[in-house]
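Presented below is the structure to which this report refers.
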């Protein structure tokens, strides 16, 4: 089974520039998450999708961040404009509906550096 | 609010030593799930174990074992006879149960384990 695929692996941009990250979840996983991980910290949830619907985006800075999950499969997370404080690793994860709470399966992440 | 505390920032051991990673959590929920994830240098978070709040049995999987004590709100992780390949950052996480299916994980700050020869 292929895992969660994210691209790009690394991204370096200047502040005020836009940037986008892409995620392809595990086939059949209806729930998709975007997490942000700052250096030396644990991941923090930005947004959670169930199929195409964003069911929890309370932690997403909506003034500059946006996300979409068209057709309930792939997802894109965008930052416009980027700020220095956005430098972090952006992790995508997916999980399946099943018995109880399914574990999240994470991708390798996109390391963003804003200069 | 939910909170996970991993007080050990970094642990260094020599190969074949046993090591325990501590995890203390806070929640007002009576039903919740606890997880441990491993993050090797490649960056991917690898799922290790899931435990629900009603199951306090300890679990052993090879060299890994987990001790869940609800009375002290702890979910500690022990690696027996550590190996260099165990070197990674380990995260403890707590999940609320609201939809019955999806997890909203609250992670601790992680413990970096360094195993040397």
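Protein chains in written order, with our numbering: chain A, 147 to 261; chain B, 4 to 120. Note that CB positions come from ideal geometry on N, CA and C, so glycine has one too. All of these numbers come straight from a predicted model, not from anything done at the bench.
Determine the direct distance from the alpha carbon of residue 170 of chain A to that of residue 189 of chain A, and round the result to whole angstroms. The residue you call residue 189 of chain A lines up with position 43 of the first chain. The residue you call residue 170 of chain A lines up with position 24 of the first chain. Distance between the alpha carbons of residue 189 of chain A and residue 170 of chain A: 19 Å.
Kindly examine the ligand GTP and report whether one of its heavy atoms sits closer than 7 Å to the Cβ of residue 258 of chain A. No copy of the ligand GTP occurs in the structure displayed, which carries no ligand at all.
Starting from the beta carbon of residue 27 of chain B, find every residue of chain A whose beta carbon is closer than 8 Å, and list them in chain order. By 1-based counting over the second chain, the position of residue 27 of chain B is 24. Ordered by position in chain A, no residue passes the 8 Å Cβ test against residue 27 of chain B, which lies about 14 Å from the chain.
For chain B, find out if any of its Cβ atoms is closer than 8 Å to the Cβ of residue 247 of chain A; answer yes or no. Translated into positions along the first chain, residue 247 of chain A becomes position 101. It does; some Cβ of chain B falls within 8 Å.
I'd like to know if the segment 248-261 of chain A and the segment 41-53 of chain B are in contact, where contact means that at least 3 CB-CB pairs between them fall below 8 Å. yes
Can you tell me whether residue 156 of chain A is buried or exposed, with buried defined as 16 or more other CB within 10 angstroms of its CB? Numbered from 1 along the first chain, position 10 holds the residue referred to as residue 156 of chain A. Exposed: under 16 other Cβ atoms inside 10 Å.
Where residue 149 of chain A and residue 41 of chain B are concerned, what is the direct C-alpha to C-alpha distance, given to the nearest angstrom? Counting from one through the first chain, the residue named residue 149 of chain A turns up at place 3. Counting from one through the second chain, the residue named residue 41 of chain B turns up at place 38. In a straight line, the C-alpha of residue 149 of chain A is about 16 Å away from that of residue 41 of chain B.
Pull out every residue of the segment 184-195 of chain A whose Cβ sits closer than 9 Å to any Cβ of chain B, in chain order. 186, 187, 188, 189, 190, 191, 194
Determine, for residue 78 of chain B, whether the minimum Cβ-Cβ distance to residues of chain A falls below 8 Å. Locating residue 78 of chain B in the second chain gives position 75, where the first residue counts as 1. No, residue 78 of chain B does not count as interfacial toward chain A.
If I'm right that residue 211 of chain A touches residue 230 of chain A with Cβ under 8 Å, what's the distance once you round it to whole angstroms? The residue given as residue 211 of chain A occupies position 65 in the first chain. The residue given as residue 230 of chain A occupies position 84 in the first chain. That pair is no contact at about 15 Å.
Answer yes or no: do residue 11 of chain B and residue 75 of chain B have a C-beta to C-beta separation smaller than 8 Å? As a working note, residue 11 of chain B is residue 8 in the second chain. As a working note, residue 75 of chain B is residue 72 in the second chain. The answer is no: Cβ separation not under 8 Å.
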